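Report on one structure; see the data block that follows.
Residue numbers (our numbering): 453 to 550.
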């Protein structure tokens, strides 16, 4: 009787392990399909890039994330940092009387 219980427990554990692996593979492929490279232009410095999957930032223009390996299907531009830098530059000019 105890052998049957151990067999059932083993089957349940295997089913849970195999099910998680399949779900993880599906999630990662869905993420890769939706992956975008986010371009962050700057007022003074060069453009920076960001991975939409893992959030890593990098300088080299690439269609593959150097951190997580996600393949980017497209790009999107985020100008918020550029706008903040331009406003900061204007404030400095006002302080200097330019």
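Using N, Cα and C, we set each Cβ at its ideal position, and we do this for glycine too.
Since we're looking at a predicted model, the values are computed, not measured.
Short Cβ contact (8 Å threshold) for residue i with residue j
i	j	result
residue 493	residue 529	yes
residue 522	residue 511	no
Coil, strand or helix - residue i by DSSP
i	result
residue 464	helix
residue 491	strand
residue 499	coil
residue 516	strand
residue 525	coil
Rounded Cβ spacing between residue i and residue j (contact assumed at less than 8 Å)
i	j	result
residue 537	residue 495	4 Å
Own chain, CB closer than 7 Å to residue i, minus 5 neighbours either side, in chain order
i	result
residue 526	488
residue 513	501
residue 534	493, 494, 495
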